[in-house]
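K.L.:
In this note's numbering, the protein residues as written are 46 to 347.
In this text, a Cβ means the ideal position worked out from N, Cα and C, and glycines have one as well.
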Amino acid sequence: SLPERVTIYEVGPRDGLQNESTVVPVETKAAFVKRLVAAGLPVVEATSFVHPKWVPQLADAAELLDLLVADLGDTAREMPVLVPNERGLDRALEKGSRHVAIFGSATETFAQRNLNRSLDDQFTMFEPTVARAREAGLDVRAYVSMCFGDPWEGDVPVEQVVAVGKRLFDLGASQLSLGDTIGVGTPGHVVALLDALNTAGLGDDVLAMHFHDTYGQALSNAAAALRHGVTTFDASAGGLGGCPYAESATGNLATEDLVWMLHGLGIETGVDLDGLVATSVWMAGELGRPSPSRVVQALAGS
Ligand code: HMG
Ligand code: MG
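#1: With DSSP as the reference, label Gly-149 as helix, strand or coil.
#2: Can you find a heavy atom of the ligand HMG that lies under 8 Å from the Cβ of Gly-133?
#3: Can you name, in chain order, every residue of its own chain whose Cβ lies under 6 Å from the Cβ of Gly-141, other than the five neighbours on each side?
#4: Short check: CB of Leu-344 to CB of Val-316, under 9 Å?
#5: I need the straight-line Cα distance from Ile-53 to His-257, nearest angstrom please.
#6: Between Gln-167 and chain C, is any beta-carbon pair separated by less than 9 Å?
#7: Looking at the structure shown, is Met-306 part of a helix, part of a strand, or coil, going by DSSP?
#8: Apply the 10 Å Cβ neighbour rule to Lys-74 and answer buried if 16 or more other Cβ atoms are within range, or exposed otherwise.
#9: How is Gln-262 classed by DSSP in three states: helix, strand or coil?
#10: For the beta strand (DSSP E) that contains Asp-316, what are its first and last residues?
#11: Would you mind sorting Gly-346 into buried or exposed? The rule is 16 or more other CB atoms within 10 Å of its CB.
#12: Could you pull the start and end residues of the alpha helix (DSSP H) that Met-124 belongs to?
#13: For Ala-245, which residues from the same chain have a beta carbon less than 7 Å from its beta carbon, with the 5 sequence-adjacent residues on both sides left out?
#14: Mind checking which residues open and close the beta strand (DSSP E) that includes Met-254?
#15: Quick check: the Cα distance between Glu-301 and Ala-104, rounded to an integer number of angstroms?
#16: Please go through the region 68-156 and give each complete beta strand (DSSP E) segment of 3 or more residues, from N-terminal end onward.
#17: The ligand HMG heavy atoms versus the CB of His-234: any closer than 8 Å?
#18: Output yes or no for whether 9 Å exceeds the beta carbon distance between Ala-91 and Ala-106.
#19: With distances taken between CB atoms, is the gap from Leu-213 to Ile-147 smaller than 9 Å?
#20: Over what stretch of residues does the alpha helix (DSSP H) that includes Gln-63 continue unbroken?
#21: Suppose you measure from the CA of Met-328 to the CA of Ala-76; what does that come to, to the nearest Å?
#22: Is Pro-125 buried or exposed, if buried means 16 or more other CB atoms sit within 10 Å of its CB?
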């Protein structure tokens with residue numbers, strides 16, 4: 046049976062904008078985040094405290110949080126921000142963030158490309174970061190990238206994802222988000238991965254799915270995970286972005302496409318779809334290119 050309600054974890058301002066070649070002005074980012082909150086998105090991941098040379102698009106993270114806190118107060122402090130290490134955590138703590146996300150890799154190659162660390166060494170970086178975040182009373186989310194396939198290594202075995210995911214979660218996270226970073230997954234693979242995670246002690250209640258629509262599979266995969274029992278889904282307004290270190294990792298699942306499916310199934314999200322579409326149309330204007338979301342295209346013209 047399907048859940049009555051699903052939590053949409055909005056990643057557009059972070060995962061979307063980090064992949065835009067245009068650097069969006071910080072005031073525009075603040076307006077974007079505020080419009081997403083106004084459209085009813087319950088969780089909006091605001092930015093990343095990563096090395097500014099690695100992701101110049103998000104180098105303004107501190108300034109963005111200042112703008113958001115000035116307008117939204119504690120709501121802004123509750124917005125998750127990515128932190129790869131203790132330096133990132135310190136920067137987030139300086140701004141009063143209460144919710145951080147670490148991001149590990151299921152594969153050796155992507156760990157090196159995205160984190161400049163081996164698969165094993167990523168844990169050495171995350172362990173003290175999560176320990177200190179938990180001591181400070183913060184909520185921690187852990188992402189795993191390349192859960193279904195890797196552009197350099199090909200197929201990624203389910204057992205490898207379970208091993209990395211469990212290790213990341215056990216550092217002290219409250220949620221594990223499984224990323225199909227290059228969008229190659231299909232529904233049977235989703236079910237196999239979820240079954241294996243459940244067997245390893247990670248129930249659907251602590252899992253989130255992060256699908257990319259690169260191969261047009263994101264909604265089918267989301268439907269499979271939903272029927273399995275997952276109730277948190279990551280999505281990016283207007284389908285913005287991918288990941289700059291993953292070749293061909295275009296197309297985060299568009300939030301509008303997910304909302305259309307969920308509402309069609311009678312599942313509550315709290316999201317005002319018209320307000321969200323208007324936001325994505327406005328953002329597409331700022332970026333100078335149309336949204337790839339089918340639902341945005343269908344509703345924007347209507
Ligand atoms: P590194 O060069 O190995 O860092 O990068 P380091 O620890 O050797 O430090 C070198 C210098 O950088 C030091 O400065 C540090 O202070 C500074 P120095 O002493 O030389 O003056 N530094 C920092 N400065 C600011 N903020 C920081 C920070 N850390 C160190 N946080 C590092 C290692 C992890 C920092 C780097 O590789 C990095 O920033 N990587 C982030 C890449 C990234 O953001 N990728 C995108 C997110 S992942 C993703 O999108 C996938 C996901 O969405 C899921 C999906 O879509 O499937 C989650
Ligand atoms: Mg993504």
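P.N.:
The short version:
#1: strand
#2: yes
#3: Arg-122
#4: no
#5: 15 Å
#6: In summary, chain C is missing from the structure at hand, where a single protein chain is found.
#7: helix
#8: buried
#9: coil
#10: Just to set this straight, residue 316 is Val in the shown sequence, not Asp. First-last for Val-316: undefined, no H or E at that position.
#11: exposed
#12: Met-124 -> no alpha helix (DSSP H), and no H or E assigned at all.
#13: Val-207 and Lys-211
#14: 252-255
#15: 27 Å
#16: 144-150
#17: no
#18: yes
#19: yes
#20: Per DSSP, Gln-63 belongs to no alpha helix (DSSP H) and is neither H nor E.
#21: 10 Å
#22: buried
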